[in-house]
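Count the sequence shown with this note's numbering and you get residues 29 to 185, in order.
Even for Gly, the Cβ is constructed at its ideal location relative to N, Cα and C.
Notes follow once the structure below has been shown.
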Amino acid sequence: MLTHLDSQGRANMVDVTDKAVTFREAVAEARVRMLAQTLQMIVSGGHPKGDVFAVARIAGIQAAKKTSDLIPLCHPLMLTSVKVELSAEGEDCVRIVARCKLSGQTGVEMEALTAASVAALTIYDMCKAVDRGMTIEGVRVLEKSGGKSGDYRVADA
Numbered sequence: 029m030l031t032h033l034d035s036q037g038r039a040n041m042v043d044v045t046d047k048a049v050t051f052r053e054a055v056a057e058a059r060v061r062m063l064a065q066t067l068q069m070i071v072s073g074g075h076p077k078g079d080v081f082a083v084a085r086i087a088g089i090q091a092a093k094k095t096s097d098l099i100p101l102c103h104p105l106m107l108t109s110v111k112v113e114l115s116a117e118g119e120d121c122v123r124i125v126a127r128c129k130l131s132g133q134t135g136v137e138m139e140a141l142t143a144a145s146v147a148a149l150t151i152y153d154m155c156k157a158v159d160r161g162m163t164i165e166g167v168r169v170l171e172k173s174g175g176k177s178g179d180y181r182v183a184d185a
């Protein structure tokens with residue numbers, strides 16, 4: 029059942045008034061593929077715009093906090109923790125892992141996905157002058173816990 033649709037099939041925000049407040053956590057990831065030279069420039073600190081990972085980390089944290097402004101039917105949440113980790117993966121990839129936590133009445137998967145996505149977009153924005161062929165891929169939820177639907181973990185995480 030699609031919970032964001034009412035009995036007439038119209039979009040609406042899910043009513044969470046009667047849901048219990050529980051601890052909830054979600055982890056999402058994204059990857060940015062790029063030329064090996066671009067990744068080397070980022071890792072060595074040689075990018076003319078500064079520390080790409082630091083800027084992307086802040087952008088991801090900020091985005092998680094603004095998710096309800098971007099996704100129309102998301103509830104505004106009082107996140108208690110947002111962590112965004114970026115790391116070089118192989119010769120041509122940055123892996124982004126975003127973890128969001130709260131005690132609340134609804135899950136934080138969208139906040140984790142938004143954090144990972146915006147961090148990836150920030151890397152693209154900072155590096156597009158030197159590498160227009162970058163791709164953002166593999167944006168997905170790796171795990172979530174808490175709430176009525178229970179825990180989830182992707183099989184290959």
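Nearest-angstrom Cβ-Cβ length linking residue i and residue j, presumed shorter than 8 Å
{"i": "V125", "j": "E57", "result": "5 Å"}
{"i": "R85", "j": "A140", "result": "About 14 Å; that fails the 8 Å criterion."}
{"i": "K135", "j": "K172", "result": "The residue you asked about is not Lys; residue 135 is Gly in the sequence shown. Correct: roughly 6 Å between the Cβ atoms."}
{"i": "K129", "j": "S145", "result": "With 8 Å as the limit, K129 and S145 do not qualify as a contact, their Cβ atoms being about 18 Å apart."}
DSSP-derived helix/strand/coil call for residue i
{"i": "A44", "result": "The sequence given here has Val at residue 44, not Ala. Correct three-state label for V44: coil."}
{"i": "A157", "result": "coil"}
{"i": "E139", "result": "helix"}
{"i": "L107", "result": "coil"}
{"i": "L149", "result": "helix"}
{"i": "S195", "result": "Any answer about residue 195 is impossible in this case: the structure gives the chain only from 29 up to 185."}
{"i": "A183", "result": "coil"}
Residue i, buried or exposed, once every other Cβ within 10 Å from all chains shown has been counted against 16
{"i": "T45", "result": "exposed"}
{"i": "R38", "result": "exposed"}
{"i": "G88", "result": "buried"}
{"i": "M138", "result": "buried"}
{"i": "I99", "result": "exposed"}
{"i": "A82", "result": "exposed"}
{"i": "L101", "result": "exposed"}
{"i": "V182", "result": "exposed"}
{"i": "A92", "result": "buried"}
{"i": "M162", "result": "buried"}
Terminal residues of the beta strand (DSSP E) in which residue i lies
{"i": "K216", "result": "The structure shown does not extend to residue 216, since the chain is modelled only from 29 through 185, so no value can be given for it."}
{"i": "I124", "result": "C121 to G132"}
{"i": "L170", "result": "T163 to S173"}
{"i": "A64", "result": "Counting along the chain, A64 falls outside any beta strand (DSSP E), though it belongs to the alpha helix (DSSP H) covering A64 to S72."}
{"i": "R52", "result": "T50 to R61"}
7 Å CB neighbourhood of residue i in its chain, flanking five on each side removed
{"i": "V112", "result": "R85, G88, I89, I124, A126, A143 and A147"}
Same chain, Cβ closer than 8 Å to residue i, five either side skipped, listed in chain order
{"i": "A64", "result": "E119 and D120"}
{"i": "D79", "result": "G73"}
{"i": "L105", "result": "T95, S96, L130, G132, T134, V136 and E139"}
Cβ neighbours of residue i in the same chain (closer than 6 Å, five flanking residues each side left out)
{"i": "S115", "result": "R123"}
{"i": "S131", "result": "V49 and F51"}
{"i": "M154", "result": "K77 and V80"}
{"i": "M69", "result": "H75"}
Residue i beta carbon near the ligand COA (any heavy atom closer than 7 Å)
{"i": "S177", "result": "This structure lacks the ligand COA; in fact it carries no ligand of any kind."}
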